[in-house]
Amino acid sequence: MTAVIEFDAVGRTYPGPPPVAALHPADLVVESGQYVAVVGPSGSGKSTFLNLVGLLDVPSTGHYRLDGIDAGELSENHRAALRGRRIGFVFQAFHLLPHRTALENVMLGMLYQGVPRAERQDRALAALTEVRLAHRLLALPSQMSGGERQRVAVARALVNEPSLLLCDEPTGNLDTVTAEAVLELFHGLHARGMTLVMVTHNDDVAERADRIVTIRDGRLEERR
Amino acid sequence: MNKGEGLVDPSRFTPRDLGSEALAGVLQRPGRAALTALGTVVGVATFVIVLGLTATVGGQISSRFTVLGATEVQIEDTSVDAELDGPAFPPDAATRVQAINGVVRAGVYWSAGERTVNSRPLADTADTDAFPIVAASPGAVTAMHPVVAHGRLFDDFHDRSAERVALLGAAMAARLGIQRLDTHPAVFVGGVPLTVVGILGDAERHAELLLSVVVPERTVERLWGPPGSGQPTKMIVETRLGAAAVVASQLAAALRPDAPDRLKVTAPPDPRSLRDSVATDLNSLFLVLALVCLGVGMVGIANTTFVAVLERTGEIGLRRSFGARGSHIAAQFLLESAILGTMGGLIGTCVGTLSVVAIAAARHWTAVVEPWTVLPAPLLGTVTGLIAGLYPAMRAARVQPVEALQR
Ligand SMILES: Nc1ncnc2c1ncn2[C@@H]1O[C@H](COP(=O)(O)OP(=O)(O)OP(=O)(O)O)[C@@H](O)[C@H]1O
Ligand SMILES: [Mg+2]
Numbered sequence: 001m002t003a004v005i006e007f008d009a010v011g012r013t014y015p016g017p018p019p020v021a022a023l024h025p026a027d028l029v030v031e032s033g034q035y036v037a038v039v040g041p042s043g044s045g046k047s048t049f050l051n052l053v054g055l056l057d058v059p060s061t062g063h064y065r066l067d068g069i070d071a072g073e074l075s076e077n078h079r080a081a082l083r084g085r086r087i088g089f090v091f092q093a094f095h096l097l098p099h100r101t102a103l104e105n106v107m108l109g110m111l112y113q114g115v116p117r118a119e120r121q122d123r124a125l126a127a128l129t130e131v132r133l134a135h136r137l138l139a140l141p142s143q144m145s146g147g148e149r150q151r152v153a154v155a156r157a158l159v160n161e162p163s164l165l166l167c168d169e170p171t172g173n174l175d176t177v178t179a180e181a182v183l184e185l186f187h188g189l190h191a192r193g194m195t196l197v198m199v200t201h202n203d204d205v206a207e208r209a210d211r212i213v214t215i216r217d218g219r220l221e222e223r224r
Numbered sequence: 001m002n003k004g005e006g007l008v009d010p011s012r013f014t015p016r017d018l019g020s021e022a023l024a025g026v027l028q029r030p031g032r033a034a035l036t037a038l039g040t041v042v043g044v045a046t047f048v049i050v051l052g053l054t055a056t057v058g059g060q061i062s063s064r065f066t067v068l069g070a071t072e073v074q075i076e077d078t079s080v081d082a083e084l085d086g087p088a089f090p091p092d093a094a095t096r097v098q099a100i101n102g103v104v105r106a107g108v109y110w111s112a113g114e115r116t117v118n119s120r121p122l123a124d125t126a127d128t129d130a131f132p133i134v135a136a137s138p139g140a141v142t143a144m145h146p147v148v149a150h151g152r153l154f155d156d157f158h159d160r161s162a163e164r165v166a167l168l169g170a171a172m173a174a175r176l177g178i179q180r181l182d183t184h185p186a187v188f189v190g191g192v193p194l195t196v197v198g199i200l201g202d203a204e205r206h207a208e209l210l211l212s213v214v215v216p217e218r219t220v221e222r223l224w225g226p227p228g229s230g231q232p233t234k235m236i237v238e239t240r241l242g243a244a245a246v247v248a249s250q251l252a253a254a255l256r257p258d259a260p261d262r263l264k265v266t267a268p269p270d271p272r273s274l275r276d277s278v279a280t281d282l283n284s285l286f287l288v289l290a291l292v293c294l295g296v297g298m299v300g301i302a303n304t305t306f307v308a309v310l311e312r313t314g315e316i317g318l319r320r321s322f323g324a325r326g327s328h329i330a331a332q333f334l335l336e337s338a339i340l341g342t343m344g345g346l347i348g349t350c351v352g353t354l355s356v357v358a359i360a361a362a363r364h365w366t367a368v369v370e371p372w373t374v375l376p377a378p379l380l381g382t383v384t385g386l387i388a389g390l391y392p393a394m395r396a397a398r399v400q401p402v403e404a405l406q407r
């Protein structure tokens, strides 16, 4: 087993005033292919943790290695490149561009990766087929249901074949039935070896993961 | 390079992708784009109209002046008492002037007072009107370029032998009942019969000829004597096109080397300087106006782009999560505002050019739109857009992905 995420005393303090220790220094190793759920009350530091893992934010202390690469030694531009190449993001708010079709939204995921234009459409088509949306290629976000929108977002996150999928409350905006379909999708991905880190409020959702990590007042703890 | 950076494939954003993303960004809100570009449209259109109208009016002025005015030099006698100072011009004045390079023809003329004019010899002089008599050498008459309606102008032979001939304006001829010249009609000027050899239809720059009887100078001298006081002799010199100023500077010395100050030489205004003065007046006023419009357009584009950056913060964060660098984001917003400016520039150029053509057509002018004003005009819009986009693009580049994605 190879480690995808290695946290070595990684902590994040938002400079105040007053300074907020959103994540106390924590150690954590996530192996390739694992499915990790992150739970905790509101304001406990879950998003802070996920932003650090996703290279969207820089730790105040400690070292973070992604796929063995020490992110702390990278320049801002290299961090952006690593993020785009190796991490797929799924957000609670979907973040689809409203004026682009499902296919175009998925193609956007490859925009900064040097994928030849001719290849992008084929890969986007394959990703949308994988999330069972091959029949909605030309639909605009406004013409799709919440579940469909989130599946487009998942397809977009997968299209670069990342080593890690980060989801912040991916079912937070969905009703139970639709949420179930999206969760099924994640399970399928996990079954095929995708590494998943998912923030959730829902204990039932967390129970299905391999590991559960709790964060309470910025302190990270492994529950299972 | 730090350890690890070699393992990371840098992100890319090809010019083609940049172009299509920026274009999509502009076109996703076409109505707003059109309104935003409006200020630039007005600015660039004003610019093209100002320069186009200046060129058109300038061309109009020069085409009018080059025909007659620009080739006509007038010489007047400044002497207060011509009888005391002697004649202003030497007897061989025309010959001397002809010797100057650039002179086409020249001649003296003066107004020889008013005399009664009748078509019948025995008319009652009491109830006939007096009309001005103009004494003119054949060269002077020709240089005035009257339009000959009937007959012809008198010539050197008539002048040399002091023939009793005259030219009449069309209005005078009609009043005297002279319609045709094949019967060799005569007019009686102060009782002296003069044969009418020609009727003048028009004389654009010397309309006074139309209400006068024009008689060869030597005929006048023989009949009524040399020019008296209050009847200053003048000279008209026709030059080749463009030679008027040079000729004018030599005339006084050539005619009166002994007393060049006695003659006042009036050269036509240089059409080029006239056109330039019109151009500078118009330019400085309206180009300021055009710049103001462009400034307003710039603020408009800057504002719209800035609002777009705020509205699309989520999109910026999303692009950063795909691996976009800050510079990629900045380039996209900069290009979007440059596209807005260029669109405004293109439309403004069309509007401006059409306006110049329409105004010229309404005034029966020849529209002159110089390529050097039309071709770079859309670029003016591009530059406006680029400058307007600088600050918003910088702000967009500094948007932190974490904050952008929080919602
Ligand atoms: N940019 C910031 N500056 C200062 N404090 C911040 C900032 N972002 C978050 N915090 C604080 O850090 C703590 C952790 O925030 P975080 O967003 O990680 O919580 P969370 O667990 O994701 O909450 P939720 O479940 O509501 O999304 C909170 O107390 C929050 O107020
Ligand atoms: Mg959160």
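Residue numbers (the UniProt record's numbering), protein chains in the order written: chain A, 1 to 224; chain B, 1 to 407.
We put the CB at the ideal spot given by N, CA and C, even for glycine.
Since we're looking at a predicted model, the values are computed, not measured.
{"Query": "Taking the alpha-carbon positions, what's the Gly381/B to Ala45/B distance?", "Result": "10 Å"}
{"Query": "Can you name the residues of chain B whose CB is closer than 8 Å to the CB of His99/A?", "Result": "Ala24, Gln28"}
{"Query": "What whole-angstrom Cβ distance do Arg211/A and Val36/A have, given they're in contact under 8 Å?", "Result": "5 Å"}
{"Query": "Does the Cβ-Cβ distance between Ile316/B and Ile301/B come in under 8 Å?", "Result": "no"}
{"Query": "Using the Cβ count rule (16 or more neighbours within 10 Å means buried), how would you classify Leu354/B?", "Result": "exposed"}
{"Query": "Take the Cβ of Lys264/B as the centre, count every other Cβ of all protein chains shown within 10 Å, and call the residue buried at 16 or more, exposed below.", "Result": "exposed"}
{"Query": "In chain order, what residues of the same chain lie with their CB nearer than 7 Å to the CB of Val26/B, ignoring the 5 residues before and after it?", "Result": "Ala33, Glu336, Ile339, Leu340"}
{"Query": "Who are the near neighbours of Val53/A in its chain, counting only those whose CB is closer than 7 Å to its CB and skipping five residues on each side?", "Result": "Ile5, Leu166, Val197"}
{"Query": "Only counting runs of 3 or more residues, tell me where the beta strand (DSSP E) segments fall wholly within the stretch 35-100 of chain B, in order along the chain.", "Result": "72-77"}
{"Query": "DSSP three-state call for Gly84/A: helix, strand or coil?", "Result": "helix"}
{"Query": "Less than 8 Å separating the beta-carbons of Leu23/A and Phe49/A?", "Result": "yes"}
{"Query": "One question on the structure: do Leu103/A and Leu140/A come within less than 8 Å of each other, judged by their Cβ atoms?", "Result": "no"}
{"Query": "Could one say the Cβ of Val399/B lies closer than 8 Å to chain A's Cβ atoms, at least one of them?", "Result": "no"}
{"Query": "Under 8 Å by Cβ, that's how I've got Val41/B and Gly348/B pegged, so tell me the actual separation to the nearest angstrom.", "Result": "4 Å"}
{"Query": "Suppose contacts are defined by Cβ-Cβ distances below 8 Å. Is Ala70/B in contact with Pro376/B by that definition?", "Result": "no"}
{"Query": "Helix, strand or coil for Met1/B? Go by DSSP, reduced to three states.", "Result": "Residue placement at Met1/B cannot be trusted, given a pLDDT of 49 that sits under 50; the coordinates are not used to answer."}
{"Query": "Within 10 Å of its beta-carbon, does Val29/A have 16 or more other beta-carbons around it, so buried, or fewer, so exposed?", "Result": "exposed"}
{"Query": "Can you check DSSP and say which residues form a bridge with Thr266/B?", "Result": "Gln74/B"}
{"Query": "Rounded to whole angstroms, what is the Cα-Cα separation between Val199/A and Pro18/A?", "Result": "26 Å"}
{"Query": "Is Ser32/A near ligand 2, judged by its Cβ being under 7 Å from some heavy atom?", "Result": "no"}
{"Query": "Give the straight-line distance between the Cα atoms of Ala360/B and Cys350/B, rounded to the nearest whole angstrom.", "Result": "15 Å"}
{"Query": "Out of Val187/B, Ser111/B, Val48/B, point me to the one whose CA is closest to Leu291/B's CA.", "Result": "Val48/B"}
{"Query": "Can you list the residues of chain B that Gln113/A reaches, using a CB-CB cut of under 9 Å?", "Result": "Asp9, Ser11, Arg12, Phe322, Gly323"}
{"Query": "Does the beta-carbon of Arg120/B have 16 or more other beta-carbons within 10 angstroms, so that it is buried, or is it exposed?", "Result": "exposed"}
{"Query": "Give a single yes or no on whether Ser60/A has its beta carbon closer than 7 Å to a heavy atom of ligand 1.", "Result": "no"}
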